[in-house]
Amino acid sequence: MSLISSFPIMSSSCNPAQNTIDWTALRSDFPLLSQQAHNKQLAYLDNAATTQKPNAVIEAIAHYYRVDNANVHRGVYELSERATQSYEATRNKVQNFLNAWSREEIIFVRGATEAINLVAQSYARPALKPGDEILISAMEHHSNIVPWQMVCKKTGAQLAIIPINDSAEIMLERYQQLLNEKTRLVAVTHVSNALGSINPVQQMITMAHEKEIPVLLDGAQAAAHLSVDVQALDCDFYTFSSHKAYGPTGVGVLYGKKRHLDAMEPYQGGGDMISSVRFEHTEYNSLPYKFEAGTPNIAGVVGFGAALDYLSAVGFDNIVQREQQLLDYATLKLQAISGLHIIGRAKNKASIISFVLDCAHSHDISTILDHQGVAIRAGHHCAMPVMERFNVPATARASMAFYNNEADIDQLVRGLAQVFKLFS
Amino acid sequence: MSLISSFPIMSSSCNPAQNTIDWTALRSDFPLLSQQAHNKQLAYLDNAATTQKPNAVIEAIAHYYRVDNANVHRGVYELSERATQSYEATRNKVQNFLNAWSREEIIFVRGATEAINLVAQSYARPALKPGDEILISAMEHHSNIVPWQMVCKKTGAQLAIIPINDSAEIMLERYQQLLNEKTRLVAVTHVSNALGSINPVQQMITMAHEKEIPVLLDGAQAAAHLSVDVQALDCDFYTFSSHKAYGPTGVGVLYGKKRHLDAMEPYQGGGDMISSVRFEHTEYNSLPYKFEAGTPNIAGVVGFGAALDYLSAVGFDNIVQREQQLLDYATLKLQAISGLHIIGRAKNKASIISFVLDCAHSHDISTILDHQGVAIRAGHHCAMPVMERFNVPATARASMAFYNNEADIDQLVRGLAQVFKLFS
Amino acid sequence: MNEELRALYQEVIIDHGRHPRNFKKLEEPSCCQEGYNPLCGDRLTLYLKVDHNKIIDASFEGVGCAISMASTSLMIERIKNIPIIEAQQLFEAFHLLVTEPSPTVKTLEYLGKLTVLGGVRDFPTRIKCATLGWHALKAGLDNAASEQRVSTE
Amino acid sequence: MNEELRALYQEVIIDHGRHPRNFKKLEEPSCCQEGYNPLCGDRLTLYLKVDHNKIIDASFEGVGCAISMASTSLMIERIKNIPIIEAQQLFEAFHLLVTEPSPTVKTLEYLGKLTVLGGVRDFPTRIKCATLGWHALKAGLDNAASEQRVSTE
Ligand SMILES: Cc1ncc(COP(=O)(O)O)c(C=O)c1O
Ligand SMILES: Cc1ncc(COP(=O)(O)O)c(C=O)c1O
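Protein chains in written order, with our numbering: chain A, 1019 to 1442; chain B, 1019 to 1442; chain C, 75 to 227; chain D, 75 to 227.
So this is what it looks like as C-alpha cells:
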C-alpha cells in the first residue's frame, strides 16, 4: 500500500524493536519540520499544543477526497460503502489503540474538549444534585475545569480540588480524604500540559473505585506519548484529541464503558443518531451512533486512522524511550542555566518543560526565540489555576515529540542566550 | 497563488459572468468525478448527501498541514500566527458569503446538526417554559426535529408542525394560524433535502417577526445552491455545513444575530472560550470565541475558505442557472417514464428530485443503478415524517450540483430502464 | 445486465418480492415481533404461533425492498412446522450464507431453496435487507422462550 | 541579533520594562481601571486622578511582559497633566503607530518618545501587549466621563 511504503522506517526495518528506529529518516516524514523560520531551520517545540502530521496522514486525507468521498452509513452505492468502511475502520484502530473491550465504546467527537463536555452534559448533568461533588485536580486544563463548572452551576453541585505539591505531584493522602460519599465523579488529567507531570492514575482509579466513584481521564497529553490500556486502568471514561496525536484537527475520541454509555442520554440530536423519528416520539440508535449526530468529520477520522497506523509502526516502547532521552537532555541543559527555573519537577514526567526566567517574561522569551527559529509556547497554557498555584503570571514551555532531536534543544538553549544578552 | 492558478475557469475568463463558464473544464477540477464505478463512468447524483471537493480545497488542506500547521489563537510564534490568520480569514469569507453584519456573528461548528443543537441548548433550553411552542415544518430533516424534541422533553415545551400541501409546499395560511403567543421560535428548512422545495422563507420571517418571534433557517441544502443574504432575510439564525458546499467534512457554520449570541450561554466549556478561569469563577471570552471551545477543526476551516473562494469564482448567478437547467432536463426525462412518480412538485425547487417506481423499492433501484455507475440515494433521507406525509416507505433521490451534466442524467435514465427490465 | 446483479435478483426473489407468501396477520399468534431497518425504513411484523417448542404457523406484514420481502417470505415457507431449535440453527446457517465468502456445501444443502439469497454476499449494503426477517425471527423466538420460562417458573 | 528584534526591544523599552515608572497604587484615584489580556495573562490596574477634565495624576500596578510594562510606563509619563481630550487623541495616534504600515511624520512627531514602540508593528502577536495599558486608559476615561455625566445630571 502506498501509505506504508512511504514510511521510511518500515523499509529499513520491518520490526520496530527498540534502537532500530532511524529517527533522522523518520523526521523527514513530517514535511512541515523541514521549513525555515526567520531564515533558521525550524525547531518546533510546541508539541503539547499540536503535533505535526506525517505525509501518510496528509495523503490519507487527500486520497479520501480524491477517491472515496461520500456520506457515510446511509448510501446503498459502493462509494458510500467505501467511505463508511474507511470511517469505521478507524473505530477499530482506536479500539485496539486503547485496548477497549468493544468498538461500540469508541465515540468520535471534535476533540478532547468536546468529549469532556459530552460526559458533563449527558452523564453528569442529569445525575447531579445540590451538594454533590465533582473532584478534579489543581493541574487541570481549562477543558477539564469549565465543563464541570457549567454543570455545577446548572445542578447546584460543587467542584472539589485535589491539591498538588511543590514538585507538581498529586497529593494522594489529600485525594484519599477528598473522596467521600458526596463525590460523584473524579476527573483528572493523565498528563499535565502545563507541568508535564504523569499522574498516578492507576492508583487513583483504584482508590476511587473502592468507594464506587467513577473516573474520567483527560488523556489529551498522554495518548500519543504513553501506551494506554483502558481495561487495565479500568477508567470509566478516557478522552483525547487526534491533532495532538499526529492526526488531523477536528477529531477526538471519547471512550466510555458500555454500561455508562448505554445509560446516558444522547448529547446532540440529528441524523444518524436516531432509529426512528415521529413528531410524537423518537427512538435513538444504538451505540456508538447514539452519540454521533449529523455528518461526522469523515475525512478527519480517516486521516486519524493513518496516524494511528503510523504510531503503532513506530511503537510506543520506542516513542517513550526516545522522548525520555530528549526530556533528560533538555532538563540537563536548561537547569544548567542560572536565572532559569523549571516549573514542574514531578518524578514521573512526560517530555514537557515549563520554565520562567528571572530577567524576562515568557512572552518576550517566545518572541525572541521565534526569531531564532524556535517555536515554543508562552502564557498560561489554558491552565490559569496552575499559574496561580506556582505564583507565576505565565511560563515558557518547550514540549517535545519523538521527531525532535538534540539539535532542536541546542537551538533553544542558544536562543535563550540571546534573551539573556538582551535582558540582563 | 497556486490555488487560483489551478482553477481552470479563472484562466479562461476572469469575469464569472453568465454563460462564460466552461462547465466541462470545471468538472475536471473535481478529481473524484473522473473515476469509474463498476466499469462505468461514475455519475455522482447524491450531492444533497455531500458534494465532491475541487482540487483547490484538497490542496488547501494539504498545504495547511505541510506548511502552516500550529494551534491557533494562543501562540506568539510566527507559525501559530499564520495558522490563526488562515483560520480567521475563513470567518471573514463566511461573513461575506452570508452578508452578515459582523464577523463575530459567525461561529464555526462541526456541521448544520451541531449548529442547530447549539441554538436548542444555549438559546431555547434556558428560555422555554411548559406550554411554550417551537414551530417547525412537516418537511424537516431529523437534524431540525430531534434537537427540538430533546429540548422540549427537558422543558415541557411542545413542537408544533406547519403542514405542507400535496405539492410539498408550506401552507402559509396554516402557518399564519400557528404563529401565536406561545410560539418561542420558528425553525424551518430553507430548502428541503427530501423534496427539493425552496420555502418562502422571506415571507415566513416577516410573518413571524410581526409577532416578534425569532426564526432559525436550516440552510444545509440552500447555502451552496442559492445566494443567501442573512441581513436581507433578517433571519435570527442560519445554519449550514461545509461538506455540502464543496468544502471539507467536520465544519459547519452557525450565523446568529449578535444580540442573540451575546445573550446566550456558552455551549461547551474549555480552552479559547474563556477569558479567565479560577476554580471559584470563570469569565467567558467575547464573540465568536465564547462558542468555540477547544481546538477547532483548523485545517477543515482553512479548506472551507478555499471552497468559498471557489464558489464565488464560479458565481451564484451561474450556479443557479446551471442547476435549474439540469433540474428541468432531469424532470422532463423522469416524468416521461410511466410508472415513475416524482414526490415533491413545488413551484420553487432546488436541483433535487425524489421519486418512487410502482414496480420496485428505492433500495433495489439504488443497487441496480449503482451497477450502472449511477450513485443516487435511497431511503428516508433522514426525513421520516416526510415519508409518512406522502405515504411512501422510502424514495429514490437524485440531487445535482453544477458539475453534473446531461450525460449523468441520461445515464440515470438508462439505469432505470434496467430496473424496469428486471422488475416488470 | 451484469452477472452479480442477476445473481442477486434471481427469478424466485423477484417473484417472492412481488408476491410474498403468508403475507397477512395471524389470528392469536404466540408472538408478534417487529423488525426495523433504520437505514432504509424497511419495517415488518412477524407473527409466530408456537406450540410445544414447535412453530406451527407463521406469517408477516410490512413494507420493504424485494430482498427483504423475498427473504422473509422464503423464510416463513421454510420454518413452518419445524421445532424452534431447528429454526435457530437455520438462522445461524443463513447468517453464514450471506456473510461468509464461501459457505460449505453442507450449509448450502441444509439451506436448500434459501440459497437463492446467497448473491447478497457481494452487496454488503444489502445484507441487512436479507436478514431483517431473520433477525425478527430470532428476537421473536428468544422472547417466546423467555416468556415460556417465565410462565413455567 | 536581528534588526527587527532590536527595533522592538530598544534600550528605553528594556529599561521601562524592568523599572516601570509610577508603578504604585494612587491614593484616592478618580478611577481605577483593570486591563487584562487573556492570551498571555498580563494584567494591570491603571489609576487616574482627574480634575476639571484634566488628568492630574496617574500610576499603575500589575504583571506583564516588557512590552506591556514599558508601554504603560511611557504612556503614564506622557499623559500626566494633560486634558482628557488630548489623552484621547494620543490613544488614536498610538493606535496608528502600532498598526499602520507607515505612520505619517505628523503622527510620529506628535507621539515623540512613544515612537520607540513602533517596532511592535512587525510583531502582530505583540500589538495587544503594547496597547494593553492604552485600552485601560481609554476605558478608564470613558467610565470617568460617563460617571461625571451621571453625577452632573
Ligand atoms: C490536558 C489537556 N486537556 C484538554 C485539552 C483540550 O484539547 P482540545 O483543545 O484538542 O480539545 C488539552 C489541549 O490543549 C490539554 O492539554
Ligand atoms: C435539510 C438538512 N438539514 C440538516 C442536515 C444535517 O447536516 P449535517 O449532517 O451536515 O450536520 C442535512 C444533511 O443531511 C439536511 O439535508
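For glycine and all other residues, C-beta sits at the position ideal for the given N, C-alpha and C.
Is there at least one Cβ from chain A nearer than 8 Å to residue i's Cβ?
i	result
Pro198 of chain C	yes
Tyr110 of chain C	yes
Ser1140 of chain B	no
Ser142 of chain C	no
Asp1150 of chain B	no
Asn155 of chain D	no
Asn1117 of chain B	no
Hey, residue i and residue j: beta-carbon distance below 8 Å or not?
i	j	result
Ile1355 of chain B	Ser1372 of chain B	no
Arg1128 of chain A	Gly1268 of chain A	yes
Glu1158 of chain B	Gly1274 of chain B	no
Met1225 of chain A	Val1206 of chain A	no
Asn1183 of chain B	Asp1236 of chain B	no
His1379 of chain A	Leu79 of chain D	no
Asn1303 of chain A	Thr1068 of chain B	no
Val190 of chain D	Val124 of chain D	no
Ala1435 of chain A	Ser1185 of chain A	no
Val1085 of chain A	Leu1050 of chain B	yes
Asp1382 of chain A	Ala140 of chain D	yes
Gly1296 of chain B	Pro1165 of chain A	Here residue 1296 of chain B turns out to be Arg, not Gly, going by the sequence shown. It is not a contact, given that the beta carbons lie outside the stated cut-off.
Asn1087 of chain A	Gln1070 of chain B	yes
Ser1210 of chain A	Gln1239 of chain A	yes
Using 8 Å as the limit for Cβ to Cβ distance, is residue i near chain C?
i	result
Asn1303 of chain A	yes
Ser1293 of chain A	yes
Glu1298 of chain A	no
Would you mind reading off the limits of the alpha helix (DSSP H) that contains residue i?
i	result
Arg92 of chain C	85-92
Phe1115 of chain B	1096-1116
Ser1417 of chain A	Premise fails: Ser1417 of chain A lies in the beta strand (DSSP E), 1413-1417, not in any alpha helix (DSSP H).
Leu79 of chain D	77-82
For residue i, which residues in chain B fall below 8 Å Cβ to Cβ?
i	result
Gly115 of chain C	Gly1397, His1398, Met1402, Met1405, Pro1411, Ala1412
Show which residues of chain B have a CB atom less than 7 Å away from the CB atom of residue i.
i	result
Pro175 of chain D	Chain B residues near Pro175 of chain D: none, gap ~16 Å exceeds 7 Å.
Cys203 of chain C	His1381
Val137 of chain C	Pro1411
If you follow the beta strand (DSSP E) that residue i is part of, which residue opens it and which one closes it?
i	result
Arg1395 of chain A	1395-1397
Asn111 of chain C	105-111
Val1206 of chain A	1201-1207
Thr1069 of chain B	Neither: Thr1069 of chain B is in no beta strand (DSSP E) and is coded neither H nor E.
Asp131 of chain D	128-137
Asp1236 of chain B	1233-1236
Could you work out which residues of chain D lie near residue i, taking near to mean beta carbons separated by less than 8 Å?
i	result
Thr1385 of chain A	Leu79, Leu82, Phe197, Thr199, Arg200
Ser1417 of chain B	Under the 8 Å cutoff, chain D gives no residues; its nearest Cβ is about 43 Å from Ser1417 of chain B.
Arg1092 of chain B	Leu113
Ala1055 of chain A	Neighbours of Ala1055 of chain A on chain D: none; closest Cβ ~12 Å, over 8 Å.
Which residues of chain D have a Cβ atom closer than 9 Å to the Cβ of residue i, listed in chain order?
i	result
Val1137 of chain B	None at all; the shortest Cβ gap to chain D is about 26 Å.
When the cut-off is 8 Å and only beta carbons count, does residue i lie next to chain D?
i	result
Val1085 of chain B	no
Arg1432 of chain B	no
Leu1235 of chain A	no
Glu1099 of chain B	yes
Below 7 Å on C-beta distance, what does residue i contact in chain A?
i	result
Pro1049 of chain B	Arg1084
May I ask whether a heavy atom of ligand 3 can be found less than 7 Å away from the beta carbon of residue i?
i	result
Gly1129 of chain B	For the structure depicted, ligand 3 is absent and the ligand set comprises only ligand 1 and ligand 2.
Using a Cβ-Cβ cut-off of 8 Å, state whether residue i counts as contacting chain B.
i	result
Asn1315 of chain A	yes
Thr1201 of chain A	no
Met1168 of chain A	yes
| task | Entirely within the stretch 1275-1359 of chain A and at least 4 residues each: give me those alpha helix (DSSP H) ranges in chain order. | result | Listed in chain order, the alpha helix (DSSP H) runs fully inside the stretch 1275-1359 of chain A are 1276-1281, 1316-1332, 1334-1353, counting runs of at least 4 residues.
| What are the complete alpha helix (DSSP H) segments, minimum 4 residues, inside the stretch 1156-1193 of chain B? | 1164-1173
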